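Residue numbers (the numbering used here): 108 to 432.
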Amino acid sequence: METLDAIRHDWSLDEIAEIHELPLPDLLFRAQTIHRAHHDPLQVQGCALLSVKTGGCAEDCAYCPQSSRYDTGLGRGRLISVEDTLAAAESARDQGATRFCMGAAWRSAPRGAQFERVLEMVRGVRALGLEACCTLGMLSAEQAVALADAGLTAYNHNLDTSPEYYGAIITTRTYADRLETLGFVRDAGVTVCCGGIIGMGEVLADRLGLLQQLAAQSPHPESVPINVLVPVAGTPLGDTPPIDPLELVRVIATARILMPASIVRLSAGRLALSDEAQALCLLAGASSIFIGDKLLTTGNPEAERDRELLDRLGMRLRTEPLTVI
Ligand code: SAM
Ligand code: DTB
Ligand code: SF4
Numbered sequence: 108m109e110t111l112d113a114i115r116h117d118w119s120l121d122e123i124a125e126i127h128e129l130p131l132p133d134l135l136f137r138a139q140t141i142h143r144a145h146h147d148p149l150q151v152q153g154c155a156l157l158s159v160k161t162g163g164c165a166e167d168c169a170y171c172p173q174s175s176r177y178d179t180g181l182g183r184g185r186l187i188s189v190e191d192t193l194a195a196a197e198s199a200r201d202q203g204a205t206r207f208c209m210g211a212a213w214r215s216a217p218r219g220a221q222f223e224r225v226l227e228m229v230r231g232v233r234a235l236g237l238e239a240c241c242t243l244g245m246l247s248a249e250q251a252v253a254l255a256d257a258g259l260t261a262y263n264h265n266l267d268t269s270p271e272y273y274g275a276i277i278t279t280r281t282y283a284d285r286l287e288t289l290g291f292v293r294d295a296g297v298t299v300c301c302g303g304i305i306g307m308g309e310v311l312a313d314r315l316g317l318l319q320q321l322a323a324q325s326p327h328p329e330s331v332p333i334n335v336l337v338p339v340a341g342t343p344l345g346d347t348p349p350i351d352p353l354e355l356v357r358v359i360a361t362a363r364i365l366m367p368a369s370i371v372r373l374s375a376g377r378l379a380l381s382d383e384a385q386a387l388c389l390l391a392g393a394s395s396i397f398i399g400d401k402l403l404t405t406g407n408p409e410a411e412r413d414r415e416l417l418d419r420l421g422m423r424l425r426t427e428p429l430t431v432i
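Written as structure tokens, this is what we have:
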């Protein structure tokens with residue numbers, strides 16, 4: 108048998124399926140064992156999200172309320188100011204976040220004044236003592252280096268699903284496009300935040316395929332957000348039925364086992380989960396949540412409610428940033 112927590116990039120789909128299909132007590136035990144060897148099991152990192160440019164995106168991601176192809180009532184926003192961004196970052200810090208993620212509904216990060224403004228936002232967020240993360244769509248190698256020079260901690264760029272199911276969800280860009288941007292981010296020395304979404308009508312093999320692709324990256328992404336689809340009326344996936352939360356627990360535990368040192372984040376979709384389901388996700392090895400009542404455009408539990416939940420579990424928000432670069 109392999110060493111339980113060896114860092115590997117060559118997991119086969121059969122091996123991943125074997126882990127994912129373990130009896131839940133065995134799966135959770137294995138995930139906890141690995142989690143405790145690499146992470147503090149009582150601490151959760153709070154991240155905050157801010158949409159710095161909302162809606163009007165040219166891509167056709169079937170889950171996304173910000174695509175200009177669907178009528179979700181969002182309109183077409185402009186890039187907000189550095190001042191507004193830093194005010195939001197400061198209040199996120201006051202609520203207990205140590206990582207601040209700025210999202211923009213762009214196919215690719217723009218050049219010129221708007222990009223310069225994003226760099227200014229990154230510098231300002233770092234100056235507040237927060238980790239800074241951006242998700243701006245595709246990047247060039249030069250843009251990745253400029254973000255690194257501004258002090259960016261992490262870049263979020265999700266693979267979303269398996270290569271096989273990808274085409275059913277997005278047609279306007281490819282898996283290879285995503286991997287290319289991730290390569291630029293890695294080469295620039297910025298940490299990688301890369302995960303996906305479950306509950307989009309995919310089959311089990313797609314979840315296993317996504318996990319295989321995430322773990323195949325070398326080094327593993329430092330941060331792996333696992334989102335549950337938030338169905339938004341007007342998008343092609345607006346009527347998708349909810350998944351069994353225990354399926355989310357299995358995906359989180361499997362990610363935990365495949366990528367022992369990575370931070371697995373329980374990301375979008377928590378409003379639809381019971382406190383008990385969220386507790387199981389944390390036991391399965393998730394050690395980060397978004398705090399604050401808004402994700403990018405959809406809702407998230409109130410910070411106060413999350414504090415109460417962590418209290419009831421005897422867990423707490425980390426007070427220090429996790430990633431130092
Ligand atoms: N435009 C950039 C991009 O796609 O890379 C950045 C912003 S995009 C909204 C960031 C991520 O949010 C997507 O990759 C997707 O994984 C996630 N996301 C978007 N809409 C979602 C939804 N309705 N439910 C769950 N996750 C969602
Ligand atoms: C990620 O994986 N989840 C976050 C973050 N990366 C940018 C985004 C979730 C968005 C959920 C839908 C919305 O609020 O618009
Ligand atoms: Fe645009 Fe990102 Fe939404 Fe896709 S997920 S439509 S790229 S904002």
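Ideal placement from N, C-alpha and C gives every residue a C-beta, glycine not left out. From a predicted model like this one, the values you see are computed outputs, not experimental measurements.
Near the ligand SF4: residue i beta-carbon under 7 Å from a heavy atom
i    : result
A490 : Since the first and last residues shown for the chain are 108 and 432, residue 490 lies out of range.
C168 : yes
G244 : yes
Contact test: residue i Cβ vs the ligand DTB heavy atom, cutoff 7 Å
i    : result
A261 : no
L156 : yes
P349 : no
T405 : yes
P130 : no
A216 : no
L402 : yes
C241 : no
C388 : no
Residue burial classification, residue i (beta-carbon count within 10 angstroms, cutoff 16)
i    : result
M108 : Note that M108 scores 41 on pLDDT, short of 50, meaning its location in the model is unreliable and no value can be drawn from it.
W213 : buried
D121 : exposed
S269 : buried
A113 : exposed
H327 : buried
I126 : buried
S174 : buried
R363 : buried
D313 : buried
T434 : This structure cannot settle anything about residue 434, because the visible part of the chain is limited to 108 through 432.
V229 : buried
H142 : buried
D351 : exposed
P349 : exposed
A391 : buried
H264 : buried
G316 : buried
S188 : exposed
S369 : buried
Cβ pair residue i, residue j closer than 8 Å
i    : j    : result
A483 : L134 : Residue 483 is absent from the model: the chain starts at 108 and stops at 432.
D235 : E271 : In the sequence on display, residue 235 carries Leu and not Asp. No, they are not a contact pair.
L353 : L318 : no
L67  : S395 : Because the chain here runs from 108 to 432, residue 67 falls outside it and cannot be looked at.
I398 : G203 : yes
P338 : L378 : no
T192 : L237 : no
I276 : M307 : yes
A216 : F222 : yes
L344 : A169 : yes
Y262 : Y273 : no
Y177 : T342 : yes
L402 : A384 : no
G163 : R183 : yes
G302 : V331 : yes
A251 : L226 : no
R423 : L417 : yes
V159 : G219 : no
L355 : V335 : yes
V297 : L259 : yes
Opposing strand residues paired with residue i [DSSP bridges]
i    : result
S269 : Note: S269 sits in no beta bridge, so no partner.
M422 : M422 pairs with nothing; no bridge assigned.
C154 : R206 and F397
E238 : R206
M245 : S215
R372 : P332
C164 : S174
N49  : The chain is shown from 108 up to 432; residue 49 falls before or after that span and cannot be answered.
G406 : K401
I305 : V335
Distance cut-off 7 Å: residue i Cβ against heavy atoms of the ligand SAM
i    : result
Y272 : no
C164 : yes
I333 : no
G182 : no
V339 : yes
G376 : yes
D267 : yes
Below-8 Å beta-carbon distance, residue i vs any chain B residue
i    : result
T342 : Looking at the structure shown, chain B is missing, and only one protein chain is on hand.
Residue i Cβ short of 7 Å to the ligand MG heavy atom set
i    : result
P172 : The ligand MG is absent from the structure shown, which contains only the ligand SAM, the ligand DTB and the ligand SF4.
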